[in-house]
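Chains A and B, in that order, give the protein sequences. Residue numbering for the first sequence is 135 to 309, as defined by our numbering. Residue numbering for the second sequence is 799 to 1078, as defined by our numbering. No residue lacks a Cβ here, since even glycine has one placed at the ideal position from N, Cα and C. What follows is one structure encoded as C-alpha cells, with my remarks underneath.
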Amino acid sequence: TSGNSKWIKARKGSNMKTKRSGKGHNRDQGWGKTRKVGYSMKSWGDDKGEVSWSDRGRVKRNGSPAKLKRLSRGRCRRHPLHVDFRDVGWHKWIIAPSGYDAFFCLGECRYPLADHMNASSHAVVQTMVNSVNGAVPRACCVPTSLSPIALLYLDNHDRVVLKNYQDMVVESCGC
Amino acid sequence: RQGGESSEPDNGRVPPTPSSPSPAAALPDPGLAQTIQSLLLSRLGLQSQPNPRPDVPVPQYLLDLYRFHQQQYHLLEDPTFSFPSHHIQQANTIRSFHHSEPFGDNTKVRDQTRVHISFNLSSIPQDETVLSAELRLLRSQAASLGPGPHRLNLYLSKHHEDPEPTMLETRLLTSGLHGIKAGSFWEAFTLKPDLLRKAHGGTGSLGFLLEVRPENSTASPDQSSSSAAGDNQTEQHQERHLRVCRSVGQDDHSWAQERPLLVTYSHDGHGEPLVKHGRR
Chain A
135 TSGNSKWIKA RKGSNMKTKR SGKGHNRDQG WGKTRKVGYS MKSWGDDKGE
185 VSWSDRGRVK RNGSPAKLKR LSRGRCRRHP LHVDFRDVGW HKWIIAPSGY
235 DAFFCLGECR YPLADHMNAS SHAVVQTMVN SVNGAVPRAC CVPTSLSPIA
285 LLYLDNHDRV VLKNYQDMVV ESCGC
Chain B
799 RQGGESSEPD NGRVPPTPSS PSPAAALPDP GLAQTIQSLL LSRLGLQSQP
849 NPRPDVPVPQ YLLDLYRFHQ QQYHLLEDPT FSFPSHHIQQ ANTIRSFHHS
899 EPFGDNTKVR DQTRVHISFN LSSIPQDETV LSAELRLLRS QAASLGPGPH
949 RLNLYLSKHH EDPEPTMLET RLLTSGLHGI KAGSFWEAFT LKPDLLRKAH
999 GGTGSLGFLL EVRPENSTAS PDQSSSSAAG DNQTEQHQER HLRVCRSVGQ
1049 DDHSWAQERP LLVTYSHDGH GEPLVKHGRR
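Structure below.
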C-alpha cells in the first residue's frame, strides 16, 4: 500500500536490479513495479551518491520526515576517509601518493535488508534472527567491493618500487 | 551483544563492545598499534617499516611510470617516455636497481674498451615471480661516438675478466637520435626472466659486460683487451656517450638520473596487475 507522506515517492516501471559489487551499482536503483514506497537518493544524500539505502518497505505511514531522515542516514553506507601518510608516519618511505581516499563503511544493518543493501544471504538470516532474538547481533556494515592503489615507495634496501596494492580503497559497502 | 546476553561464550578473548567508547578507549594501545602496523606491512610484503636514508634519489623512469599510471601525463618529465605495456603485462610490482659501483679508483681495473656493471637483486622477495626485465642505459646526445657507426655488444658476464661472456644482444648505434634534437635517450635492453631467476636463485648478483666498437671492428671481447690502446679515443667518446661511469665531480642527484638502471617487472602472487586487461 502507498504511504500518505509527501516524502514517500512512488516510482513505477523499473525492475530491481542490484549488483553485488562495482562502481555505480546503486546509482540507478529503481523501485519494483508493485512497490510504491521508497526514497530517491537525492532526498537523503550521501557522499557522491555511491551508497544510498532506501527505507522502502520499512516506513511507518505516520513517521515524521526528520525521523525517517535520521533512520536513513544511520544505515550502512560508505563514508569519506582520507588517509594522509604523514599522519601515520609513513611519508618517509612512501614517495607517492602523499595520501589517498580510503573511505570506510559505517551504519546499521537493520531489518529489513533490501536487495540494494548488498546484503549477503547470511546477513539476511542473521538480521532475521536478530529481530526475534536480541542476543544475536545484527549483521555488520562492511566493504563489499575494494579496489587497489599504486604506491611508489622505498623498500628496506632504499630501492624504489612501484607496486599495485589490492584492497586499499572501499568502493561500496554492504551488510 | 544486546541485552547483556549471549548465546555464544566469549571465552574471555573478545571483550564486549561498548556502545559509546570512552575517551581512553579511543586511543589504541601502543603495542596493539604496533601489531596492526606490522600486520599491514607484512601484507604489503615488507618485513618492517622502511627507514630510508635522507634524499634517496628516485629514478625519473619510476616517477614517470607512476605518473603515467595515475594518468598525470602533464607531469611526465621525459618527452620520450612510453609506457612499457609489453613488459608490465601481468606484473603488479616494478622494482628498480642501480648498479653496484666499485670502491676506489676503478679506472685501473676497467678495460679501456669494455665496462662491467653488476646489479644486486637479492632484495627481490623469494616468493615474487619476475616476469620481465630490462636494462636501461642512457645515451647522451651531447657527445658522439666518433666517425662512423658503432656497435654496442651486451654480454652476460660474472665479472670483468670472465673468459666466456655470453652475448645477449648486439645493437647498432647511430650518431643521430631520431626525433630528439638534444638531451638524452635511454637504450633499453629486454632481459629474459630466466636470467633474473638464475641470478635470484644464486648469488643474487647479475653482471653485464658492455662493449662499444666501431662497426668495422671485428674483435671479440677476449681479443679486445690487446687492442685497447688503439681504441682509447673511441673509448673516451663511449664513456661520455653511454652513461655507465660517473663523471669526475658529478653530484649524486645528477648521477642517479643518468646511471644504468635495471628494472624488473614481477608479480607477488597477490592482487591485480598494474595494467588492467579487462573490458573498458
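With 16 other Cβ atoms within 10 Å as the buried cut-off, status of residue i
i: residue 837 of chain B; result: exposed
i: residue 753 of chain B; result: Because residue 753 of chain B is not part of the residues shown, which for chain B are 799 to 1078, the question remains open.
i: residue 897 of chain B; result: buried
i: residue 298 of chain A; result: buried
i: residue 200 of chain A; result: exposed
i: residue 1039 of chain B; result: buried
i: residue 853 of chain B; result: exposed
i: residue 859 of chain B; result: buried
i: residue 947 of chain B; result: exposed
i: residue 828 of chain B; result: exposed
i: residue 289 of chain A; result: buried
i: residue 851 of chain B; result: exposed
i: residue 841 of chain B; result: exposed
i: residue 247 of chain A; result: buried
i: residue 830 of chain B; result: exposed
i: residue 239 of chain A; result: buried
7 Å CB neighbourhood of residue i in its chain, flanking five on each side removed
i: residue 891 of chain B; result: 926, 1064, 1065, 1066
i: residue 241 of chain A; result: 208, 209, 210, 211, 275
i: residue 989 of chain B; result: 931, 932, 933
i: residue 955 of chain B; result: 914, 963, 1005, 1006, 1007
i: residue 863 of chain B; result: 892
i: residue 843 of chain B; result: 923, 1066
i: residue 228 of chain A; result: 219, 285, 287
i: residue 293 of chain A; result: none
i: residue 938 of chain B; result: 982, 1038, 1039, 1041
Beta-carbon contacts of residue i that lie in its chain and below 6 Å, excluding the five residues immediately before and after
i: residue 820 of chain B; result: In this predicted model, residue 820 of chain B has a pLDDT of only 46, less than 50, meaning its place in the structure is not dependable; the value taken from the coordinates is given anyway. So no residue of the chain qualifies.
i: residue 873 of chain B; result: 865
i: residue 935 of chain B; result: 985, 1040, 1058
i: residue 1055 of chain B; result: 858
Length of the line joining the Cα atoms of residue i and residue j
i: residue 1010 of chain B; j: residue 1048 of chain B; result: 23 Å
i: residue 1028 of chain B; j: residue 912 of chain B; result: Because residue 1028 of chain B sits at a pLDDT of 39, beneath the cut-off of 50, its placement in the model cannot be relied upon, and the point is left open.
i: residue 215 of chain A; j: residue 237 of chain A; result: 4 Å
i: residue 224 of chain A; j: residue 1070 of chain B; result: 23 Å
i: residue 921 of chain B; j: residue 1012 of chain B; result: 37 Å
i: residue 291 of chain A; j: residue 1043 of chain B; result: 22 Å
i: residue 997 of chain B; j: residue 253 of chain A; result: 49 Å
i: residue 846 of chain B; j: residue 923 of chain B; result: 14 Å
i: residue 296 of chain A; j: residue 243 of chain A; result: 38 Å
i: residue 992 of chain B; j: residue 221 of chain A; result: 42 Å
i: residue 986 of chain B; j: residue 835 of chain B; result: 38 Å
i: residue 308 of chain A; j: residue 971 of chain B; result: 59 Å
i: residue 245 of chain A; j: residue 269 of chain A; result: 15 Å
i: residue 1073 of chain B; j: residue 1014 of chain B; result: 43 Å
i: residue 1050 of chain B; j: residue 832 of chain B; result: 35 Å
i: residue 1046 of chain B; j: residue 1053 of chain B; result: 10 Å
i: residue 929 of chain B; j: residue 1068 of chain B; result: 14 Å
i: residue 1000 of chain B; j: residue 213 of chain A; result: 49 Å
i: residue 959 of chain B; j: residue 219 of chain A; result: 47 Å
i: residue 839 of chain B; j: residue 273 of chain A; result: 29 Å
i: residue 255 of chain A; j: residue 266 of chain A; result: 17 Å
i: residue 217 of chain A; j: residue 957 of chain B; result: 47 Å
i: residue 301 of chain A; j: residue 232 of chain A; result: 18 Å
i: residue 983 of chain B; j: residue 900 of chain B; result: 25 Å
i: residue 870 of chain B; j: residue 855 of chain B; result: 21 Å
i: residue 868 of chain B; j: residue 861 of chain B; result: 10 Å
i: residue 848 of chain B; j: residue 198 of chain A; result: 55 Å
i: residue 277 of chain A; j: residue 226 of chain A; result: 29 Å
i: residue 1034 of chain B; j: residue 875 of chain B; result: Note that residue 1034 of chain B has pLDDT 48, beneath the 50 cutoff, so the model's placement of it is unreliable and no number is given.
Own chain residues within Cβ distance below 8 Å of residue i, not counting five before or after
i: residue 968 of chain B; result: 949, 950, 951, 952
i: residue 303 of chain A; result: 234, 235, 236, 237, 280, 281, 282, 283
i: residue 230 of chain A; result: 285, 286
i: residue 919 of chain B; result: 895, 994, 997, 998, 1002, 1003, 1004, 1060, 1062
i: residue 251 of chain A; result: 187, 209, 210, 243, 308, 309
i: residue 263 of chain A; result: 270
Contacts that residue i makes with chain E (C-beta to C-beta distance below 7 Å)
i: residue 293 of chain A; result: Absent from the structure: chain E. Protein chains present are A and B.
Which full runs of the beta strand (DSSP E) of 3+ residues lie inside the region 208-283 of chain A, going along the chain?
-> Fully enclosed beta strand (DSSP E) runs of no fewer than 3 residues occupy 211-213, 216-218, 228-230, 233-235, 238-240 of the region 208-283 of chain A, in order along the chain.
Count the C-beta pairs between the region 879-889 of chain B and the region 255-265 of chain A that are closer than 8 Å, then say yes if the count reaches three, no if not.
-> no
At least three beta-carbon pairs within less than 8 Å, the region 957-967 of chain B to the region 992-1008 of chain B | Because the criterion of three Cβ pairs below 8 Å is met, the region 957-967 of chain B and the region 992-1008 of chain B touch.
Cβ contact (3+ pairs, closer than 8 Å) linking the region 869-882 of chain B and the region 277-297 of chain A | no
Which runs of the alpha helix (DSSP H), 4 residues or longer, sit entirely within the region 822-895 of chain B?
-> 828-841, 858-867, 883-886
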